[in-house]
Each structure stands twice: as structure tokens, then as C-alpha cells.
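Engineer: Can you read through this structure? Questions will come right after.
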DNA sequence: CGAATCACTCGAACAGCGTACGAGGGAAGC
DNA sequence: GCTTCCCTCGTACGCTGTTCGAGTGATTCG
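Protein chains in written order, with the UniProt record's numbering: chain S, 1 to 244; chain V, 1 to 244.
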């Protein structure tokens with residue numbers, strides 16, 4: 001194995017053998033780590049906590065996983081594995097992209113801790129590759145060519161990730177405070193009111209559009225609106241024979 | 001001050017007085033923190049390191065800043081402060097949104113550590129508010145109404161953040177490895193080759209479109225392509241009188 | 001069948017982290 | 001001159017990721 005320029009679980013050979021009686025194993029470690037992350041966010045995962053949860057010593061984990069970074073990389077790919085990407089024949093490309101985007105958004109919202117990890121190193125795991133394979137198939141079948149394929153793929157990723165990030169920020173804040181969205185909004189109201197002089201146009205818009213009734217629906221609406229406009233733009237681009 | 005449901009620097013009164021000789025001060029702490037973050041990422045910022053850099057004891061910082069979380073919140077808003085959002089009269093809405101999106105992308109790429117922070121709590125700082133104010137002005141002037149305003153704003157944010165995230169992931173990985181993009185690509189090549197059987201369609205696409213020549217340009221092209229398609233979609237929506 | 005090998009577990013220890021606390025200094029106001 | 005208040009900081013606590021080396025028990029080999 002040649003010397004590697006940068007480090008990643010995926011670029012190392014898998015652990016060599018598999019014998020003996022039931023002990024710790026990589027998959028179960030990753031699963032447990034995800035449970036901790038889902039429950040308490042990044043701060044909820046420590047090697048010691050993970051160890052005791054598995055009925056093992058903290059340092060035993062290091063036999064199966066090189067370090068915490070590797071473990072997180074494995075967890076990221078596991079999240080990507082939850083995203084379904086249709087095959088080209090299944091539906092039209094518009095619906096297919098919509099399915100992929102929705103799946104991505106849901107997966108990120110189920111595991112919001114990935115957001116902070118996606119910006120730190122490229123995803124190279126098997127599930128990431130599978131997504132790449134499917135995306136290429138989907139988009140070439142749709143009529144995109146050359147670098148357009150990766151551009152469009154990046155657009156969808158960006159929309160899903162970006163939308164989920166804003167939503168996750170509010171969700172984690174309310175969860176941490178142990179309150180509902182409506183309570184948070186009520187709490188925030190007087191503070192925004194006090195700032196209204198500095199932000200007059202935002203303030204009037206806000207007062208005409210307060211919709212704290214169904215926050216989940218609001219986030220979803222926002223996501224869908226953006227996705228549809230984005231797909232409209234892509235459709236127009238294809239229809240116009242890629243003008244620019 | 002009433003009991004607060006969730007915690008944020010912006011919801012607390014500012015420190016009360018300002019006397020005496022030149023000592024530590026909040027702005028300079030935040031600036032120094034950003035320098036550490038820019039240089040070495042999230043891991044580069046510790047209270048002790050920040051203290052010594054400012055020629056002070058680590059715990060002195062706690063007089064000016066409640067805790068590390070607060071400090072990060074202040075830093076986030078400082079990043080948002082670097083983003084220029086045009087006033088409605090300045091140009092057409094399409095160009096204005098383009099300026100905002102580009103500014104946002106650049107700011108995030110200058111300070112990629114924000115990516116991991118944006119998903120953790122809502123941004124409430126003065127610069128965030130200023131962006132909100134300007135965005136609303138811009139979009140209402142463009143003809144968007146009601147919740148469309150926030151939807152469109154969210155779209156732009158999502159695109160800038162999402163694009164920057166992917167780019168930052170590769171950038172930090174190459175930086176950490178101390179190599180160039182081209183070297184990383186060469187390194188990765190044989191590994192991708194080995195996986196080609198599992199991802200045939202991705203592989204053929206990849207081989208027909210290898211463009212490692214100017215990575216910076218590639219990222220920017222990708223960002224611009226997506227932004228233009230997205231603005232096309234919005235323009236069509238406005239032109240069609242908001243069909244759905 | 002005994003010995004050697006190998007996969008695996010784990011306690012102890014180290015350096016570093018965020019931060020609570022309380023003692024202290026030194027200018028400002030009475 | 002004394003009190004008050006802003007501000008600094010050394011110490012200490014409990015936590016973190018990770019290294020190291022000793023230990024265990026099943027498998028394999030001679």
C-alpha cells in the first residue's frame with residue numbers, strides 16, 4: 001500500500017480476519033455511535049460513553065476503529081446510505097431528482113450532526129459512491145452532459161443540505177431549550193419588536209406573515225418551493241437547448 | 001430581564017461599563033478567535049491558546065464572554081457582516097441576489113469553520129438581522145410576496161452554503177494533507193479505478209470529463225451554473241404570475 | 001498434545017480541554 | 001482614606017482522545 005496523501009478509512013485495507021466468539025464489531029460500534037449522536041448531538045459521543053454503552057472498555061474500540069475521526073466518517077456514509085436515489089427507468093428525471101432531494105433532506109434532519117461533518121472532508125464511502133453512480137445515470141439519462149452532470153448534482157445536494165441546515169439550527173435550539181417552536185417564537189417576539197426600528201422593512205413583512213401554526217409544514221413548504229423553482233430552471237435550460 | 005427559553009449572546013444585555021486603561025475587550029477577542037479559526041479550523045481555537053495569543057490568562061476571557069459558545073456566536077455574526085447585500089434601488093433583483101449569493105459563498109470559504117456552526121443554533125446577531133432587513137427589501141421590491149420572500153431568501157442561502165460546504169470539504173482535506181488538488185486527484189485515481197466495476201456509469205462519465213486543470217474555476221463554474229438556473233426558475237415564476 | 005500465534009480486551013496514564021471559584025490589583029467615586 | 005467596582009488570573013475539577021503494554025483465550029501448527 002502506497003503512502004497516502006490524505007487520510008480516510010476508505011483508503012485503507014479492511015481489518016484482516018474475523019474469528020473467535022462474539023465480541024465487538026465495527027458495524028455495531030458505528031450503529032451505537034449514531035444512536036448517541038442522534039440523541040445528544042456531537043457532544044453526546046465520546047469514546048468512553050460509547051464503550052460503556054456497548055458494555056466494553058473505551059479503549060477496546062480502538063481495535064476496530066483507528067480513531068474517532070474514522071468512526072465519524074463511517075457514520076457519515078451510513079447516513080448517506082439512507083438516501084434513496086431512483087434508477088433512470090423508474091420515473092421522469094424531475095420526479096427522480098425530487099425523490100433524491102427529499103430523501104437527502106430527511107436523512108440530514110434525522111441525523112443533523114452530519115451537517116458539521118460534511119464540510120471537513122470529502123465523502124468517499126461506498127454509499128457516497130453509490131449515490132454518485134446513480135446520480136450520473138439519472139442526469140445523463142435526463143439529457144445533461146459533461147460538467148453539467150456534476151453541477152446539477154451539486155445543486156440538489158446544496159439545496160437539501162442548505163435547507164436542512166437552517167431547519168436543524170432552529171430544531172436543535174428548541175430541543176435544547178425543551179420548548180416548542182411556538183414558545184420560542186413568543187419568547188423572541190418582544191426582542192424583535194425592540195429591534196423593529198433598525199429593521200423596518202423586515203418588521204412589517206414579519207408582522208404580515210407570522211405563521212407559527214405549523215412550523216414543520218413551513219419548513220417543508222420552503223424546501224419544496226425552492227426545489228420546484230430550481231427544477232423549473234433546469235427544465236427550461238434543457239428545453240432551450242442549453243443557451244449560454 | 002425575563003427568564004429566557006434558550007440561550008444566546010444576543011438576548012442578554014451588553015456588559016455594563018467601560019472604564020480604566022486599555023485591557024482586553026470583546027471585539028479584539030472575537031477578532032483573534034477568528035484568526036485562530038481561519039488558520040487551524042475549529043481545533044485551532046482553545047480558550048488557553050486564545051488567551052496566550054492576546055497576552056492574557058485564559059480565564060480572563062470569561063469576563064468579556066460568557067463561554068466559548070458565545071464567542072463562536074459572535075464570530076458567526078462577524079462572518080455574516082462580511083456579506084454585502086445590495087439595496088433594492090442599486091440594480092435589478094437578479095443581479096442583487098447574485099451579488100448576495102457570491103458574497104455569501106466567499107465569506108463562508110474565507111471562514112469555513114462557520115459551516116459546522118450554522119446548524120447548531122439560529123443566527124440572531126445584528127449582522128444577521130441586517131441581512132434579513134436587506135433581503136426582505138430586495139425581494140419584495142422584486143415582486144415576491146408573503147412567505148415567498150423567506151422561501152427565496154432561504155434558497156439563496158442554501159445554494160451558497162451548500163456549494164461552499166462541498167468545496168470546503170475538499171479544500172480542508174488538501175490543506176491538511178499539504179498537497180495540491182492535482183496531487184490529490186492523482187492519488188485518488190487508482191482507487192477510483194479499482195471501484196470502476198461497481199460504478200460503471202459514474203466511471204465512464206468521470207473518464208470523459210476529467211478536469212483537474214483549474215479546480216477553483218470548476219467550483220466557481222458549478223456555483224454560477226446552479227445560481228443561474230435557480231434565478232431562471234424564480235424569474236419564470238414571477239413572469240408566469242406565480243402559477244401553482 | 002504442547003507450544004506458539006493471533007485476535008482482541010482493557011486499566012493506567014498523559015496532555016489538553018472548558019470553565020467555576022475566589023483571591024487579588026488598581027482606578028474611580030465619595 | 002475608604003469603599004466600590006472592573007478586571008485579571010492561578011488553581012482545580014471533571015472531562016476528552018489516544019498510547020502503551022500487559023493480559024486472555026481460542027486457533028493453528030509442529
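A virtual CB, placed ideally from N, CA and C, is assigned to each residue, including glycine.
1) Using a Cβ cut-off of 7 Å, pull out every chain S residue sitting near residue 149 of chain V, in sequence order please.
2) What do you get for residue 190 of chain S, buried or exposed, if any count of 16 or more other CB atoms within 10 angstroms of its CB means buried?
3) Taking 8 Å as the threshold (beta carbon to beta carbon), is residue 84 of chain V in contact with chain S?
4) What would DSSP say about residue 3 of chain V, mapped onto helix, strand or coil?
5) Which whole runs of the beta strand (DSSP E) in the segment 62 to 111 of chain S are 3 residues long or more, in chain order?
6) Among residues of its own chain, excluding the 5 on either side of residue 203 of chain V, which ones have a beta-carbon nearer than 7 Å to its beta-carbon?
7) Within 8 Å (strictly less), CB to CB, does residue 220 of chain V reach chain S?
8) Report yes if the CB atom of residue 267 of chain S is closer than 8 Å to the CB atom of residue 131 of chain S, and no otherwise.
9) What residues in the segment 118 to 129 of chain S have a beta carbon less than 7 Å from any beta carbon of chain V?
10) Out of S:66, S:91, S:176 and S:155, which has the shortest C-alpha to C-alpha gap to residue 41 of chain S?
11) Is it the case that the Cβ atoms of residue 29 of chain S and residue 119 of chain V are separated by a distance below 8 Å?
12) Since residue 211 of chain S is in the alpha helix (DSSP H), which residue starts that stretch and which ends it?
13) Any C-beta of chain S sitting closer than 8 Å to the C-beta of residue 64 of chain V?
14) Relative to the C-alpha of residue 79 of chain V, which residue among V:105, V:226 and V:86 is closest?
15) Near residue 238 of chain S, which residues of its chain fall below 8 Å by C-beta distance, leaving aside the five closest residues on each side in sequence?
16) Establish whether the CB of residue 245 of chain S and some CB of chain V are separated by less than 8 Å.
17) If the cut is a Cβ gap below 8 Å, which residues of chain S does residue 76 of chain V touch?
18) Check whether the Cβ of residue 211 of chain V lies closer than 8 Å to any Cβ atom in chain S.
19) Which of helix, strand or coil does DSSP assign to residue 127 of chain S?
20) With 8 Å set as the bound, which would you pick, yes or no: does the beta-carbon of residue 98 of chain S sit closer than that to a beta-carbon of chain V?
21) Just list the beta strand (DSSP E) runs in the segment 144 to 230 of chain S, keeping only unbroken ones of 3 residues or longer that don't cross its boundaries, in chain order.
22) Nearest by alpha-carbon distance to residue 224 of chain S: which of S:170, S:235 and S:156 is it?
23) Quick check on residue 86 of chain V: buried or exposed, where buried means 16 or more other Cβ atoms within 10 Å of its Cβ?
24) Contact between the segment 31 to 51 of chain S and the segment 90 to 106 of chain S: three or more CB pairs below 8 Å?
25) If I measure Cβ to Cβ from residue 149 of chain V and keep anything under 8 Å in the same chain, skipping five residues before and after, which residues do I get?
26) Output the distance between the C-alpha atoms of residue 188 of chain V and residue 154 of chain V, rounded to the nearest integer angstrom.
27) How far does the alpha helix (DSSP H) with residue 36 of chain S in it extend, from its first residue to its last?
28) Express the C-alpha separation of residue 171 of chain V and residue 151 of chain S in angstroms, rounding to a whole number.
29) Starting from the beta carbon of residue 170 of chain V, find every residue of chain S whose beta carbon is closer than 8 Å, and list them in chain order.
30) Name the residues in the segment 129 to 147 of chain V whose C-beta lies less than 7 Å from a C-beta of chain S; which are they?
31) According to DSSP, is residue 46 of chain S part of a helix, a strand, or is it coil?
32) For residue 227 of chain V versus residue 159 of chain V, is the C-beta distance shorter than 8 Å?
33) Taking buried to mean at least 16 other C-beta atoms within 10 Å of its own C-beta, is residue 174 of chain V buried or exposed?
34) By Cβ distance below 7 Å, which residues in the same chain neighbour residue 123 of chain S in space, the five residues on each side in sequence not counted?
35) Let me make sure I understand the geometry here. Which of V:169, V:68, V:109 and V:108 has the alpha-carbon closest to that of residue 117 of chain S?
Structural biologist: According to the data block:
1) Those are 205, listed as they occur along chain S.
2) Per the 10 Å Cβ criterion, exposed.
3) Output row for residue 84 of chain V: interface = no.
4) Because residue 3 of chain V sits at a pLDDT of 36, beneath the cut-off of 50, its placement in the model cannot be relied upon, and the point is left open.
5) Qualifying beta strand (DSSP E) stretches: none in this window.
6) Cβ contact annotation for residue 203 of chain V (same chain, cutoff 7 Å, sequence separation greater than five): 196, in chain order.
7) It does not: the Cβ of residue 220 of chain V has no partner Cβ on chain S nearer than 8 Å.
8) Here chain S covers residues 1 to 244 and nothing more, so residue 267 of chain S does not appear.
9) Hits within the stretch, in order: 118, 119, 120, 121, 122 and 129.
10) Looking from the CA of residue 41 of chain S, the closest CA among S:66, S:91, S:176 and S:155 belongs to S:176.
11) Going by C-beta atoms, residue 29 of chain S is not nearer than 8 Å to residue 119 of chain V.
12) Element bounds for residue 211 of chain S: n/a, residue is neither H nor E.
13) Among the CB atoms of chain S, none fall inside 8 Å of the CB of residue 64 of chain V.
14) That would be V:105, whose Cα lies nearest to the Cα of residue 79 of chain V.
15) 142, 143 and 144, listed in sequence order.
16) Here chain S comprises residues numbered 1 to 244, so residue 245 of chain S is not present and cannot be evaluated.
17) None at all; the shortest Cβ gap to chain S is about 11 Å.
18) For residue 211 of chain V, the answer is yes, since a Cβ of chain S falls inside 8 Å of its Cβ.
19) In this structure, residue 127 of chain S counts as helix in the three-state DSSP scheme.
20) Put simply, the CB of residue 98 of chain S is far from chain V, with every gap to its CB atoms at 8 Å or more.
21) When DSSP assignments are scanned along the segment 144 to 230 of chain S, no uninterrupted stretch of beta strand (DSSP E) that is 3 or more residues long falls wholly within it.
22) Residue 224 of chain S has its Cα closest to that of S:156, out of S:170, S:235 and S:156.
23) Buried, by the Cβ-count rule.
24) Between the segment 31 to 51 of chain S and the segment 90 to 106 of chain S there are fewer than three C-beta pairs closer than 8 Å, too few to call the two in contact.
25) Short of 8 Å from the beta carbon of residue 149 of chain V, and not among the five residues preceding or following it, lie these beta carbons of its own chain, in chain order: 135, 136, 139 and 140.
26) About 35 Å.
27) Here the alpha helix (DSSP H) through residue 36 of chain S covers 26 to 40.
28) Rounded to the nearest angstrom, the two C-alpha atoms are 18 Å apart.
29) Chain S residues near residue 170 of chain V: 122.
30) Listed by position along the chain: 129, 132, 133, 136, 137, 140, 146 and 147.
31) Residue 46 of chain S: coil per DSSP, three-state reduction.
32) Yes, these two residues count as a Cβ contact at 8 Å.
33) Residue 174 of chain V should be labelled buried.
34) Cβ neighbours of residue 123 of chain S within its own chain (closer than 7 Å, five residues either side excluded): 76, 77 and 80.
35) Taking only the C-alpha atoms, the option nearest residue 117 of chain S is V:169.
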